[in-house]
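Worksheet: one structure, shown below.
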Amino acid sequence: MDLFVISQLISQSVSGTLSDEEQVMLEKWRTSSPQNEEIFQEIIQREKREEDQTLKMSFDKEMGWNNLVGKRLKMVSGKKSFLQIASYAAALIIGIVSISLLFIVDRDKSQSLETESLITSGKPKAQLTLSTGVIIELDVFSGTIETELEKAIMTNEGNRLVYTDTLSFTIDEVLYNEITVPRGGEYRVQLSDGTFIYLNAETWIRYPVRFSGERREVEISGEAWFDVVGNKEKPFIVKTIHYDVLVTGTSFNISSYNKDTQHFVTLEEGRIEIHEKASEKKLNLNPNQMYHLNTKNHDSEVRDVNALIYSSWKDGKFRFINERFEDIAAKIERWYDVEIEIKDEYIKNIEYTIVVDRFESIHPFISVFENELKIEQHGKKLIIKASN
Amino acid sequence: MYNVGVMEVDSEIQLSNDDTRIKELFDIFYQSLCLFAYKYLRDRELAAEIVQDSFLVLWQNISHLKHQENLKSYLYTTVKNKCLDYLKKNLPKRDDNFDFQSEVFFDKSLIAVETNRILYNAIENLPEQSKKVIYFTLDGLKNQEIADKMGVSFNTVTTLKKIAFKKLRIALKDYYYLFVLLIP
Numbered sequence: 030m031d032l033f034v035i036s037q038l039i040s041q042s043v044s045g046t047l048s049d050e051e052q053v054m055l056e057k058w059r060t061s062s063p064q065n066e067e068i069f070q071e072i073i074q075r076e077k078r079e080e081d082q083t084l085k086m087s088f089d090k091e092m093g094w095n096n097l098v099g100k101r102l103k104m105v106s107g108k109k110s111f112l113q114i115a116s117y118a119a120a121l122i123i124g125i126v127s128i129s130l131l132f133i134v135d136r137d138k139s140q141s142l143e144t145e146s147l148i149t150s151g152k153p154k155a156q157l158t159l160s161t162g163v164i165i166e167l168d169v170f171s172g173t174i175e176t177e178l179e180k181a182i183m184t185n186e187g188n189r190l191v192y193t194d195t196l197s198f199t200i201d202e203v204l205y206n207e208i209t210v211p212r213g214g215e216y217r218v219q220l221s222d223g224t225f226i227y228l229n230a231e232t233w234i235r236y237p238v239r240f241s242g243e244r245r246e247v248e249i250s251g252e253a254w255f256d257v258v259g260n261k262e263k264p265f266i267v268k269t270i271h272y273d274v275l276v277t278g279t280s281f282n283i284s285s286y287n288k289d290t291q292h293f294v295t296l297e298e299g300r301i302e303i304h305e306k307a308s309e310k311k312l313n314l315n316p317n318q319m320y321h322l323n324t325k326n327h328d329s330e331v332r333d334v335n336a337l338i339y340s341s342w343k344d345g346k347f348r349f350i351n352e353r354f355e356d357i358a359a360k361i362e363r364w365y366d367v368e369i370e371i372k373d374e375y376i377k378n379i380e381y382t383i384v385v386d387r388f389e390s391i392h393p394f395i396s397v398f399e400n401e402l403k404i405e406q407h408g409k410k411l412i413i414k415a416s417n
Numbered sequence: 004m005y006n007v008g009v010m011e012v013d014s015e016i017q018l019s020n021d022d023t024r025i026k027e028l029f030d031i032f033y034q035s036l037c038l039f040a041y042k043y044l045r046d047r048e049l050a051a052e053i054v055q056d057s058f059l060v061l062w063q064n065i066s067h068l069k070h071q072e073n074l075k076s077y078l079y080t081t082v083k084n085k086c087l088d089y090l091k092k093n094l095p096k097r098d099d100n101f102d103f104q105s106e107v108f109f110d111k112s113l114i115a116v117e118t119n120r121i122l123y124n125a126i127e128n129l130p131e132q133s134k135k136v137i138y139f140t141l142d143g144l145k146n147q148e149i150a151d152k153m154g155v156s157f158n159t160v161t162t163l164k165k166i167a168f169k170k171l172r173i174a175l176k177d178y179y180y181l182f183v184l185l186i187p
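Protein sequences appear in the order of chains A and B.
To convert, count from 1 in the first sequence and add 29; that's my numbering.
To convert, count from 1 in the second sequence and add 3; that's my numbering.
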């Protein structure tokens, strides 16, 4: 029998969805040779399956595709102009069709600034503040944290803090913990209700150790990706300085730095409601929609987007699609913990599309910008000017 | 490795159908083929390299290859051949002298990888709650244990499970009939 059909039947067998007829087909194959039976027994083992799955997922699809496109371009580049190839490459890599000028930067060849040693990418780093005011450096200490007052048990794994258990259900007082992620840091936390939050650089969050009462409320300034565990009886509310987000079980990305004027909420799955504080306006968001608040003129809008782009940071990627230089620079500042000074006003509005690995050095960015801008480095400060 | 930056100006480029098909196939099979190659090579980077090269071969030839089913076999066979070529040249590097040329090894690896791909693909396309129930069930958890883990009632789990299996059965079945139709 065809190997692909066998695979199909075994996958049904493992998930318990075989019909009688298919069961017969599979058994026929299994009994037709001892080798077949051996293959079957090996494949249905859970450990083996999970091991394979983990290994499979460890192969980076996007990186693989970029590499493949690179190889393909070398092959076809003989006859075409640079611009044609550039456009072709861009379309292949980003999957959109209205692009033109492109820079392919070979990391090994162009080493422009001596940035590598001084400026490094961010890494897991955060401080936990207990309700007593005690501060724990999460990236230094890992293991179990038990606190007397909160009666809570947390496990800290060096990049993630999990509220695993509470020691008592009798405390009525709501006690808060806080996590502060510095510049050049990121951290993950799983709250007592199972809600998972991925915190980006320069982000602060405050939440109750245990959710009592009718609402689950957390407060935030900064950027975070939420995967909220659904519970209709206890809606989840994310409070920011300018608006609240009412959630009933969903995943979304918030980018709302208190001191910034531009605030964004992007919904991946489920449904959320935004309550603006100043205008008392309420807005509903559907998946792949983005809420944008500009606090300069208190104008807000909801528009359709590809939500995954805005949360790609949590998967270790910087993915900027037609983003303004100024906005990209702000993110670079936070992640690489550098200061960027933009000397010429027009530069702020240049739009770039850049896809790079977040854990790489800052160099790919520099290489792209250097094509048309002048970059001076003074320690951890970069000064950007027009190139002529 | 390439890092790519693009600046927006007005101009257009159209991808050919072949390019789009390669991208589709890549999205579906890349990680599975890497796992398959890894079974031969026991080296992640090498496995990824060989799979990319196999896609490159397919890209060159895709205009002559029309049948979807052929393409899948074509990919697995190309990857296998490239792995064998490599191993023949670099055999001393593997010390556990397994018979990499045996047909049984190919069959076993292919079935393991394809079973995994079909199964996880069907599960991943389920709605969030159903997905959780199925994963817990595959982990061998009892309904009550699943209920506790998900913070829902026992009855909810029973219902979710029923719906999930119904959907899964359909997902896996559709796929299967597609196959039967394609096999002469």
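All C-beta atoms, glycine included, are put in the ideal place defined by N, C-alpha and C.
Small disclaimer: the values here were computed from a predicted structure and weren't measured.
Which stretch, first to last residue, makes up the beta strand (DSSP E) that contains PHE255 of chain A?
In this chain, the beta strand (DSSP E) harbouring PHE255 of chain A covers 245-256.
Looking at LEU175 of chain B: is its Cβ nearer than 9 Å to the Cβ of SER44 of chain A?
A contact, by the Cβ cut-off of 9 Å.
C-alpha gap between ILE31 of chain B and CYS37 of chain B, whole angstroms
A direct Cα-Cα distance of roughly 12 Å separates ILE31 of chain B from CYS37 of chain B.
Do we get a CB-CB distance below 9 Å when we pair ARG332 of chain A with the residues of chain B?
So no, ARG332 of chain A is outside the interface.
In angstroms with no decimal places, state the Cα-to-Cα distance between ILE182 of chain A and LYS134 of chain B.
Looking at the backbone, the Cα of ILE182 of chain A and that of LYS134 of chain B are separated by about 28 Å.
In terms of residues, what are the limits of the alpha helix (DSSP H) holding ARG78 of chain A?
Membership of ARG78 of chain A in the alpha helix (DSSP H) is indicated by the continuous run 75-86.
So, does the CB of CYS37 of chain B fall closer than 9 Å to a CB anywhere in chain A?
Yes, its Cβ sits closer than 9 Å to a Cβ of chain A.
Contact with chain A by THR80 of chain B, beta-carbon distance below 9 Å
Closer than 9 Å: no.
When the Cβ atoms of the segment 154-164 of chain B are set against those of the segment 56-75 of chain B, are three or more pairs found closer than 8 Å?
Flag = no, the segment 154-164 of chain B and the segment 56-75 of chain B do not touch.
Pull up the DSSP beta-bridge partners for TRP94 of chain A, would you.
BP columns for TRP94 of chain A are empty, so no partner.
In three-state DSSP terms, what is ILE128 of chain A?
At ILE128 of chain A the pLDDT is 32, less than 50, meaning the model places this residue with poor confidence and gives no usable figure here.
Taking 7 Å as the limit between beta carbons, can you name the residues of its chain near HIS304 of chain A, skipping five residues before and five after?
TYR272, ASP273, LEU275 and LYS311.
Contacting residues, own chain, Cβ-Cβ under 7 Å from ASP351 of chain A (five flanking each side not counted)
Note that residue 351 of chain A corresponds to Asn in the displayed sequence, not to Asp. Correct list, in chain order: GLU380 and THR382.
Cβ pair GLU71 of chain A, LYS111 of chain B closer than 9 Å:
Between GLU71 of chain A and LYS111 of chain B, the CB-CB gap stays under 9 Å.
Could you tell me whether any Cβ in chain A is nearer than 9 Å to the Cβ of SER156 of chain B?
Answer no: the Cβ-Cβ gap between SER156 of chain B and chain A never drops below 9 Å.
Taking the alpha-carbon positions, what's the LEU78 of chain B to LEU61 of chain B distance?
Going from the Cα of LEU78 of chain B to the Cα of LEU61 of chain B covers about 7 Å.
Chain B partners of TRP434 of chain A, CB-CB under 7 Å?
Not covered by the structure: residue 434 of chain A. The range shown for chain A is 30 to 417.
Quick check: THR118 of chain B and SER36 of chain A, are their CB atoms within less than 9 Å of each other?
Yes.
For LEU113 of chain B, tell me which candidate among A:PHE69, A:THR295 and A:GLY187 has the shortest Cα-Cα distance.
It is A:PHE69 whose Cα lies nearest to the Cα of LEU113 of chain B.
Cβ-based burial, GLU215 of chain A [other Cβ within 10 Å; buried from 16]:
Buried, by the Cβ-count rule.
Assign GLU380 of chain A to one of three DSSP states: helix, strand, or coil.
Assigned with DSSP and collapsed to three states, GLU380 of chain A falls in strand.
Indicate whether at least one CB of chain B lies closer than 9 Å to the CB of ILE72 of chain A.
Taking Cβ atoms only, chain B reaches closer than 9 Å to ILE72 of chain A, which makes this a yes.
For ASN124 of chain B, tell me which candidate among B:LEU44, B:LEU59, B:ALA150 and B:SER35 has the shortest Cα-Cα distance.
Measuring C-alpha to C-alpha distances from ASN124 of chain B to each of B:LEU44, B:LEU59, B:ALA150 and B:SER35 identifies B:SER35 as the nearest.
Start and end residues, beta strand (DSSP E) containing HIS321 of chain A
DSSP places HIS321 of chain A in the uninterrupted beta strand (DSSP E) bounded by 318-323.
Proximal residues to ARG47 of chain B (C-beta, below 7 Å), its chain only, five neighbours per side dropped:
These residues qualify, in order along the chain: TYR41.
Element boundaries [alpha helix (DSSP H), containing TYR138 of chain B]:
Per DSSP, the continuous alpha helix (DSSP H) segment holding TYR138 of chain B begins and ends at 131-141.
Pull up the distance between the alpha-carbon of TYR192 of chain A and that of GLY299 of chain A, whole angstroms please.
Looking at the two C-alpha atoms, the distance is approximately 24 Å.
When the Cα atoms are used, what is the spatial distance from GLN104 of chain B to LEU97 of chain A?
The C-alpha of GLN104 of chain B lies about 27 Å from the C-alpha of LEU97 of chain A.
Neighbour list for GLU214 of chain B in chain A, Cβ cutoff strictly below 9 Å
Missing from the structure shown is residue 214 of chain B; chain B here goes from 4 to 187 and no further.
Cβ atoms of ASN229 of chain A and VAL210 of chain A: under 9 Å apart, would you say?
In contact: VAL210 of chain A and ASN229 of chain A (Cβ atoms closer than 9 Å).
So SER36 of chain A is in the alpha helix (DSSP H); what residue range does that whole segment cover?
Here the alpha helix (DSSP H) through SER36 of chain A covers 32-43.
Using the Cβ count rule (16 or more neighbours within 10 Å means buried), how would you classify ASN6 of chain B?
With a pLDDT of 33 at ASN6 of chain B, under the threshold of 50, the predicted position of this residue should be treated as unreliable, and no value is reported.
Coil, strand or helix - ASN93 of chain B by DSSP:
DSSP, reduced to helix, strand and coil, places ASN93 of chain B outside both helices and strands of the structure shown, so it counts as coil.
Looking at the C-beta of ILE126 of chain B, does it have a partner C-beta in chain A at a distance below 9 Å?
Closer than 9 Å to some Cβ of chain A, the Cβ of ILE126 of chain B qualifies, so yes.
Over what stretch of residues does the alpha helix (DSSP H) that includes LEU49 of chain B continue unbroken?
Element bounds for LEU49 of chain B: 47-64.
Have a look at TYR286 of chain A and ILE53 of chain B and give me their C-alpha separation to the nearest angstrom.
Those two C-alpha atoms are separated by around 44 Å.
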